[in-house]
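Take the sequence shown: its letter number 39 is residue 39 in the UniProt record's numbering, and every next letter is one higher.
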Amino acid sequence: VNMAIFTFSDSIQPVLRRLDIKPHWMFALSNLIQSAVQTAISLLSPDVSAQLHVQDVATSVGQRTSVSRESGQSEIEIVESSSRPPSREERREERKEYLNTIIDANDKLREKLIAAQEELKQHLISAIAQTQHMREMATTASSLVSSALLANGVTATWRGVPSRSTYPPMGFPPLSPRGSNLGSPTKNHKINHLDGHISR
1 VNMAIFTFSD SIQPVLRRLD IKPHWMFALS NLIQSAVQTA ISLLSPDVSA QLHVQDVATS
61 VGQRTSVSRE SGQSEIEIVE SSSRPPSREE RREERKEYLN TIIDANDKLR EKLIAAQEEL
121 KQHLISAIAQ TQHMREMATT ASSLVSSALL ANGVTATWRG VPSRSTYPPM GFPPLSPRGS
181 NLGSPTKNHK INHLDGHISR
């Protein structure tokens, strides 16, 4: 157990350096790991912890200087990487990603347009079929009415009553009104004035 605790601090440091951790957080993590290792050793074997305390004081100074140097180098690298312009490959990759996103968006829009066209086509087909069905029903109804009228014998008459024309027959003079004189179209009235009497 003591060997595992001793090697834990040395084995975890390279793993932490591979991660994208800021220098001041890296320094704090290394201090926490060392304090955790010392606490575990002091609980398991107090005699060994007293001997290692002196060695840790000497090594901590060297580690702090190395960590500060590494932190300074990493900060310089970060500043350089952020200040330099992107290379041709980076710009090409960015354009490629942008074009891929545009292509994906166009594909989605095309799929939506095709679906909308199919839906509109189905609606048009159903509307045409419904109109054709209504026309067939109207034709059938008119043929049924015509056949019913022919079966009942109603073509020029209605229930045996002959049709009467309001126009006079051809070749006959027009009829004169009742009470009228056939000889003269108007009556001649003779009025005699005799002694204040009127006679016709």
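The beta-carbon is built from N, C-alpha and C at its ideal position, and this holds for glycine as well.
Extent of the continuous alpha helix (DSSP H) run through residue i
| i | result |
| --- | --- |
| Leu-29 | 23-44 |
| Asp-107 | 88-151 |
Per-residue DSSP class, three states only, for residue i
| i | result |
| --- | --- |
| Asp-10 | helix |
| Leu-16 | helix |
| Glu-80 | Low local confidence applies: a pLDDT of 49 at Glu-80 is under 50, so the model's placement there is unreliable, and no value is given. |
Residue j beta carbon less than 8 Å from that of residue i
| i | j | result |
| --- | --- | --- |
| Ile-33 | Ile-12 | yes |
Span separating the alpha-carbon of residue i from that of residue j
| i | j | result |
| --- | --- | --- |
| Leu-16 | Met-26 | 7 Å |
| Leu-29 | Glu-97 | 37 Å |
| Arg-91 | Pro-14 | 32 Å |
| Arg-18 | Thr-101 | 31 Å |
| Pro-23 | Arg-95 | 33 Å |
| Glu-119 | Gln-130 | 17 Å |
| Leu-109 | Ala-116 | 11 Å |
| Asp-20 | Ile-103 | 33 Å |
| Ala-148 | Lys-112 | 54 Å |
| Glu-136 | Ile-114 | 33 Å |
| Thr-139 | Gln-122 | 26 Å |
Residue i CB to nearest heavy atom of the ligand SAH below 7 Å
| i | result |
| --- | --- |
| Leu-149 | Although the ligand SAH was asked about, the structure shown includes no ligands whatsoever. |
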